[in-house]
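Number of protein chains: 2
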Amino acid sequence: MAKVLINGYGSIGKRVADAVSKQKDMEVIGVTKTKPDFEAKMAVDKGYKLYAAIPERKSLFEEKGVDIEGTIFDVIEDADIVVDCAPGGIGKENLENIYKKYNVKAILQGGEKAQYVEDNFNALWSYDRCYGKDYIRTVSCNTTGLCRTLYAINSATDIVKARVVLIRRGADPNDAKRGPINAIVPNPPTIPSHHGPDVCSVVPELEGKIITSAVIVPTTLMHMHSLMVETTGTTKDDIIDAIEKTPRIFTVSAEDGLNSTATIIEFARDLGRVRYDLNEIAIWKESINVVDNEVFLMQAVHQESDVIPENVDCIRAMLQMEDDNMKSIEMTNKAMGLMK
Amino acid sequence: MAKVLINGYGSIGKRVADAVSKQKDMEVIGVTKTKPDFEAKMAVDKGYKLYAAIPERKSLFEEKGVDIEGTIFDVIEDADIVVDCAPGGIGKENLENIYKKYNVKAILQGGEKAQYVEDNFNALWSYDRCYGKDYIRTVSCNTTGLCRTLYAINSATDIVKARVVLIRRGADPNDAKRGPINAIVPNPPTIPSHHGPDVCSVVPELEGKIITSAVIVPTTLMHMHSLMVETTGTTKDDIIDAIEKTPRIFTVSAEDGLNSTATIIEFARDLGRVRYDLNEIAIWKESINVVDNEVFLMQAVHQESDVIPENVDCIRAMLQMEDDNMKSIEMTNKAMGLMK
Chain A
1 MAKVLINGYG SIGKRVADAV SKQKDMEVIG VTKTKPDFEA KMAVDKGYKL YAAIPERKSL
61 FEEKGVDIEG TIFDVIEDAD IVVDCAPGGI GKENLENIYK KYNVKAILQG GEKAQYVEDN
121 FNALWSYDRC YGKDYIRTVS CNTTGLCRTL YAINSATDIV KARVVLIRRG ADPNDAKRGP
181 INAIVPNPPT IPSHHGPDVC SVVPELEGKI ITSAVIVPTT LMHMHSLMVE TTGTTKDDII
241 DAIEKTPRIF TVSAEDGLNS TATIIEFARD LGRVRYDLNE IAIWKESINV VDNEVFLMQA
301 VHQESDVIPE NVDCIRAMLQ MEDDNMKSIE MTNKAMGLMK
Chain B
1 MAKVLINGYG SIGKRVADAV SKQKDMEVIG VTKTKPDFEA KMAVDKGYKL YAAIPERKSL
61 FEEKGVDIEG TIFDVIEDAD IVVDCAPGGI GKENLENIYK KYNVKAILQG GEKAQYVEDN
121 FNALWSYDRC YGKDYIRTVS CNTTGLCRTL YAINSATDIV KARVVLIRRG ADPNDAKRGP
181 INAIVPNPPT IPSHHGPDVC SVVPELEGKI ITSAVIVPTT LMHMHSLMVE TTGTTKDDII
241 DAIEKTPRIF TVSAEDGLNS TATIIEFARD LGRVRYDLNE IAIWKESINV VDNEVFLMQA
301 VHQESDVIPE NVDCIRAMLQ MEDDNMKSIE MTNKAMGLMK
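Taken in sequence, the protein lines are chains A and B.
For the first sequence, the UniProt record's numbering assigns the number 1 to the initial residue and increments by one for each residue that follows.
For the second sequence, the UniProt record's numbering assigns the number 1 to the initial residue and increments by one for each residue that follows.
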């Protein structure tokens with residue numbers, strides 16, 4: 001059993017902890033928090049061993065009556081790997097100040113920069129490259145969504161040039177601090193945005209072949225991408241077929257009532273998914289089109305959860321637990337109850 | 001003085017009435033309403049002669065004590081031209097049932113279909129084609145915004161292929177009925193959207209060279225467009241220069257704090273614009289880029305007001321009041337107090 005420590009039990013960390021717990025070949029040996037909030041209390045209630053991410057804060061947990069086992073330094077030497085789920089930017093500090101010092105393998109999240117790690121992970125594209133490595137980043141929710149769909153397109157034809165406009169959610173559902181409430185924000189206001197290069201950190205062969213622009217809009221549920229991908233030649237049926245064969249992406253039909261990110265999330269709620277997570281990327285079937293060998297489609301990305309199964313596969317690759325990426329994907333999906 | 005009747009004093013009609021009133025060579029001989037609401041009362045207070053758009057409803061106005069001159073049929077024969085500002089779909093009915101019957105020239109708005117009229121108007125592209133015509137449509141806010149910017153790009157280079165993703169506002173600010181409140185809606189869910197063909201109704205030479213997709217998001221202030229335009233060759237400086245030379249489009253800088261549609265509207269409010277209308281298209285300077293001869297930019301479109309000066313110019317073209325489109329544009333802009 002691979003021993004996994006989750007450093008930072010927040011939006012991503014709590015989901016990775018739950019997903020790891022469900023796997024047969026790995027276990028969560030502890031989760032960390034910086035403060036004794038409701039998430040910390042619920043972690044303990046769920047049976048996770050809780051550690052203070054910042055040693056000086058351990059007493060805060062005790063004062064609040066939250067069961068705390070110790071600090072991260074009491075558990076880190078027992079871990080085979082740490083999944084760092086700290087807020088963006090902190091992961092890099094943790095890598096330098098903790099993981100490298102304690103010589104423990106670590107996964108950083110997409111909020112960190114690509115150059116701080118040995119390689120960048122997507123289960124479809126770079127599993128083999130990350131196999132046995134020590135410090136790897138699982139890319140962001142948007143990059144993960146793009147990598148999966150571009151993998152499907154690439155399996156049907158050759159990509160000549162990909163253009164993507166990302167329409168990003170303004171804040172997560174639990175975030176009452178951020179906006180916008182009533183505005184469209186070009187973010188970044190420059191073109192290209194960083195999303196294209198981030199895809200290339202996983203898929204170097206797309207260097208010079210992908211350009212992205214991005215805006216932020218007032219919604220909390222999902223991101224959305226409008227893709228325009230020039231290819232050497234393909235058909236709509238081939239693309240639909242490729243999507244069907246690619247794990248973790250599926251088509252939805254506006255005609256079926258799945259006509260917005262709101263109804264897609266309602267679908268995830270009706271599926272009974274915990275926290276209504278939709279780890280798979282939803283592609284609108286009606287939007288899929290091929291005109292002059294250029295593939296068009298629109299997809300919805302659940303920003304809180306699409307990277308979770310990737311973190312699980314990344315653990316398996318880095319700890320050399322399974323050398324076939326498709327087998328790891330299947331194991332992860334089955335344990336998590338994903339559609340495919 | 002050209003005698004102009006405004007049929008439908010709503011979001012567009014009230015603005016067209018005000019813009020026409022400000023011109024030296026035309027006057028508003030009346031405005032119509034279907035019901036005696038606050039807009040009807042304010043029209044009378046502002047000195048417009050008010051007529052019932054639907055004859056049977058005239059008594060409703062009298063019951064409410066709103067000064068009503070009569071019905072549309074009491075004034076239509078005095079008009080040189082009618083600007084139809086009825087809700088989408090009604091304009092076509094009015095064209096068949098009223099304007100053609102009374103043999104009066106008429107302008108329909110962008111909510112009507114292109115095929116119902118003789119031609120489609122944008123002051124930069126199709127003024128000459130519409131000159132002296134009887135039934136013309138001024139295209140929608142989105143199409144108008146695209147036409148202006150593509151005109152600028154076309155003046156600097158040749159357009160090979162334009163790809164545009166439109167991020168549309170969900171509802172106008174006065175509209176408490178429509179959504180979405182928290183969702184991104186692919187609308188239409190099919191690609192291409194109708195916006196490309198609508199641009200071609202004004203610019204037939206772009207046929208087969210423009211493809212658009214569109215989503216609706218929870219905001220009321222402005223639409224936004226992300227443009228990717230392949231050309232035969234140009235530079236960023238040439239594009240900025242072309243934008244500067246093109247009327248009714250201008251650049252804003254995110255660095256200056258104009259970093260969202262919200263701050264662009266704040267800018268219009270600070271300009272003292274009535275109803276905070278921004279008739280000009282705002283292009284983010286930071287977003288303008290040329291990579292491999294492809295022009296990238298993002299622009300904001302004030303959906304309630306960008307078509308207003310076009311309606312004024314369209315009147316001048318159809319009534320053969322001025323044969324130089326650039327002179328008409330200048331007259332209109334000056335009278336309305338536009339930047340350029």
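Quick reminder that beta carbons are idealized off the backbone N, C-alpha and C, glycines included.
Just so we're clear, the structure is a prediction, and the values are computed from it rather than from any experiment.
Query, Result
"Residue-chain proximity (S226 of chain B, chain A), Cβ-Cβ < 8 angstroms", "yes"
"Cβ-based neighbour list, H225 of chain A, same chain, cut-off 6 angstroms, excluding 5 preceding and 5 following", "V164, L166, Q299"
"V291 of chain B at chain A interface by Cβ criterion, 8 angstroms", "yes"
"Same chain only: Cβ atoms within 6 angstroms of P247 of chain B, ignoring 5 sequence neighbours per side", "I329, K340"
"Backbone secondary structure at D128 of chain A - three-state DSSP", "helix"
"Unbroken stretches of the beta strand (DSSP E), 3 residues or longer, contained in the stretch 150 to 174 of chain B", "159 to 169"
"Burial state of residue 352 of chain A (16 or more Cβ within 10 Å)", "With chain A covering 1 to 340 only, the question about residue 352 of chain A has no answer from this structure."
"Simplified DSSP state of E27 of chain A, which is helix, strand or coil", "strand"
"Beta-carbon gap between T263 of chain A and A156 of chain A smaller than 8 angstroms", "no"
"Contact residues within the stretch 176 to 197 of chain B, judged by C-beta distance below 7 angstroms to chain A", "P180, N182, A183, I184, V185, P186, P189, T190, I191"
"Contained beta strand (DSSP E) runs [length at least 3] in the stretch 179 to 235 of chain B, N- to C-terminal order", "210 to 217, 223 to 231"
"Proximity test, Cβ basis, 8 angstroms: T251 of chain A and chain B", "no"
"Uninterrupted beta strand (DSSP E) stretches inside the stretch 234 to 263 of chain A (no shorter than 3 residues)", "249 to 252"
"Alpha-carbon to alpha-carbon, F250 of chain A and T220 of chain A", "21 angstroms"
"Below-8 angstroms beta-carbon distance, T261 of chain A vs any chain B residue", "yes"
"Inter-residue spacing [alpha-carbon to alpha-carbon] between T231 of chain A and D237 of chain A", "15 angstroms"
"D84 of chain A versus R273 of chain B: straight-line alpha-carbon distance, rounded", "51 angstroms"
"Host alpha helix (DSSP H) of R316 of chain A (start-end)", "308 to 318"
"Stretch pair the stretch 194 to 202 of chain B + the stretch 141 to 157 of chain B: three plus CB contacts closer than 8 angstroms", "yes"
"6 angstroms CB neighbourhood of A282 of chain A in its chain, flanking five on each side removed", "V252, I264, A300"
"CB of L5 of chain B within 8 angstroms of CB of P36 of chain B, strictly", "no"
"Proximity test, Cβ basis, 8 angstroms: L278 of chain B and chain A", "no"
"Proximity winner among A:E77, A:D256, A:A19, relative to K101 of chain A (alpha-carbon distances)", "A:E77"
"Cβ pair Q109 of chain B, T138 of chain B closer than 8 angstroms", "yes"
"Cutoff 6 angstroms; reference P192 of chain A; Cβ partners in own chain excluding five residues on either side", "I211, T212"
"Burial state of M336 of chain A, where buried means 16 or more other Cβ atoms lie within 10 Å", "buried"
"Closest residue to E294 of chain B among B:V215, B:I153, B:M222 (Cα-Cα distance)", "B:I153"
"E266 of chain B in three-state terms, based on DSSP", "helix"
"Reduced DSSP category for K340 of chain A - H, G, I as helix; E, B as strand; rest coil", "coil"
"Pair within 8 angstroms by beta-carbon distance, residue 354 of chain B and A123 of chain B", "Here chain B covers residues 1 to 340 and nothing more, so residue 354 of chain B does not appear."
"Among A:I239, A:V31, A:I54, A:A52, the one whose alpha carbon lies nearest that of A43 of chain A", "A:V31"
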